[in-house]
Amino acid sequence: MTDDGNTVLLTILNKSYRVNCPPEERSALLESARYLDERMYRIQRRGPSLDREHIAVMVALNIANELLKKPSGDGGESPLDEARLVELENKLDRVLADEAPPQD
3 MTDDGNTVLL TILNKSYRVN CPPEERSALL ESARYLDERM YRIQRRGPSL DREHIAVMVA
63 LNIANELLKK PSGDGGESPL DEARLVELEN KLDRVLADEA PPQD
């Protein structure tokens, strides 16, 4: 995983992704990518015939479930507030748009 300016190259499940990232968030992004890669490999080992998309959805559901069950520590129900969820959704949309095949 290397970077070029504000672009970080991540490898997850043997596929490379270029992601724009502010320098101050670089280490957190790399740590997140390593965590995701590890989780996806665990699912792949249990179901070697699953495609990458199916594995990604299963991991996303597992992580979301873990986050929703985890207390926030401030008396709230979840550690994720609405603004953070919107931010994460927007980042995911940008990454998926970069990976989408060109439309005719």
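Everything in the sequence shown is counted per my numbering, starting at 3 for the first residue and increasing by one.
Think of the CB as a built atom: it goes at the ideal place given N, C-alpha and C, for glycine as much as any other residue.
How big is the Cα-Cα spacing for P25 and T9?
Rounded to the nearest angstrom, the two C-alpha atoms are 9 Å apart.
Tell me, which residues are paired with S18 by DSSP?
DSSP, once it has assigned bridges, lists T13 as partnering S18.
Take A66 as the anchor and find which of R47, R41, G49, E33 has the nearest alpha-carbon.
Checking every option, the nearest Cα to that of A66 belongs to R41.
Suppose contacts are defined by Cβ-Cβ distances below 8 Å. Is I14 in contact with D53 by that definition?
No, they are not a contact pair.
To the nearest angstrom, how far is the alpha carbon of S29 from that of Y19?
Their backbone Cα atoms lie some 16 Å apart in a straight line.
For C23 and L12, what's the separation of their Cα atoms in angstroms?
Their Cα atoms are separated by approximately 11 Å.
Does P50 come out as helix, strand or coil in the three-state DSSP assignment?
DSSP places P50 in coil when its eight states are reduced to three.
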